[in-house]
Amino acid sequence: MTNSPQQPPAGWYPDPAGSGGERFWDGVAWSQSTRDKAAPEAPAGASPSSAPDAGFAAPQSYASPPSGHGYAQSQQQYSQQPYGEQPGYGQQPYQQYGQQPYGQQQYGMQAYPGYGAQQLPRPAGFWWRFLGYVIDGFVIMIPNWLIGMMTGVTDRASGALEQWFRDLLIWSESQTAAPPELPPAFDDAIVQLSIIQVIVWIVYRILMYAWKSATVGQLAIGARTVPASNPDEKLGWGQIILRSIASPVLYALSLVGIINGLFAAFTPRKQTIADYVARTVVLKVR
Numbered sequence: 001m002t003n004s005p006q007q008p009p010a011g012w013y014p015d016p017a018g019s020g021g022e023r024f025w026d027g028v029a030w031s032q033s034t035r036d037k038a039a040p041e042a043p044a045g046a047s048p049s050s051a052p053d054a055g056f057a058a059p060q061s062y063a064s065p066p067s068g069h070g071y072a073q074s075q076q077q078y079s080q081q082p083y084g085e086q087p088g089y090g091q092q093p094y095q096q097y098g099q100q101p102y103g104q105q106q107y108g109m110q111a112y113p114g115y116g117a118q119q120l121p122r123p124a125g126f127w128w129r130f131l132g133y134v135i136d137g138f139v140i141m142i143p144n145w146l147i148g149m150m151t152g153v154t155d156r157a158s159g160a161l162e163q164w165f166r167d168l169l170i171w172s173e174s175q176t177a178a179p180p181e182l183p184p185a186f187d188d189a190i191v192q193l194s195i196i197q198v199i200v201w202i203v204y205r206i207l208m209y210a211w212k213s214a215t216v217g218q219l220a221i222g223a224r225t226v227p228a229s230n231p232d233e234k235l236g237w238g239q240i241i242l243r244s245i246a247s248p249v250l251y252a253l254s255l256v257g258i259i260n261g262l263f264a265a266f267t268p269r270k271q272t273i274a275d276y277v278a279r280t281v282v283l284k285v286r
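Structure representation (structure tokens):
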């Protein structure tokens, strides 16, 4: 068992700050009281030649308690001193070792609203967005087909296409005239089916954004759509309706739809044109 070093008694000692005078040692720490160097005399209860305690290296006496190896040892004991004891003269009081200064945080571990102290959610990349879009396409395929069958648009498109194939077969055998063109009824049916698909997309997105802030495809890839200005908030109704309309309409315009999708590959926050219009961003939350 190791005994803690004994402190020298209170008294006047040579100033460790190097002023040439003397500074008062109160038995625990240096005080702010100084005086000119007096005639040498031993402190009360000890002689100048008395041996130092275990906390101060020999051959020093109480005349210079905090200097040399002994003073270094007393500084090493600082972290073990009870609360309220002062450190050696000139040292910073109550310094806490092993702790970062206030206000400094480790990079990448900042607190994020709604997510706690963890890594910030990142924008969903192009291929994740593409996979989610494909999944959503399969999801709305069934309601598109049902509505097309219920309205008769699918039957009209199929009948017009069959008639064109028969005309094409007859033309291939005779080749007496120009090849037949697709009938106008087929073009009309395709336009109607496209309108039905866009409406289904819009209703589907409105319902999913209002319920989960994400479509089924986005939920499958671990993403969700949030306001670009404050990702911790849910989408407002204005943003929900605007994005639900902008995205299907842009994708229905063929070349514009391709450009809209490619925006997610090259923009800094992986935003499509529809995201810029509605001021949203799709985050990868898991």
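Here my numbering is used: the first residue of the sequence shown is 1, the next is one more, and so on.
All C-beta atoms, glycine included, are put in the ideal place defined by N, C-alpha and C.
Nothing here was measured: the structure is a model prediction, and the numbers come from that model.
Under the three-pair Cβ rule at 8 Å, the segment 242-251 counts as touching the segment 201-212. Ranking T215, T280, I135, L262 by CA distance to the CA of D232 puts T280 first. When DSSP states are grouped into helix, strand and coil, K284 belongs to the strand group. Among the bridge pairs identified by DSSP, P123 is matched with L283.
Each of G20, R35, G18, S19 was checked against the Cα of G11, and the nearest Cα belongs to R35. Here P143 is near V200, since their CB atoms are less than 8 Å apart. For S229, the CB contacts under 7 Å within the same chain, skipping 5 residues up- and downstream, are R279 in chain order. Around A252, the same chain offers S194, V198 as residues with beta carbons nearer than 7 Å, after the five sequence neighbours per side are excluded. By DSSP's assignment, F24 forms a beta bridge with W12. Between the C-alpha atoms of T154 and A160 there is a straight-line separation of about 10 Å. Proximity to V191 across R156, D167, S213, F138 peaks at R156, based on C-alpha coordinates. Counting only runs of 4 or more residues that sit fully inside the segment 147-222, the alpha helix (DSSP H) segments are 153-174, 184-212, 216-221, in chain order. In this structure, the beta-carbon distance from K234 to S254 does not fall below 8 Å. Around the beta carbon of G217, 16 or more other beta carbons lie within 10 angstroms, which makes this residue buried.
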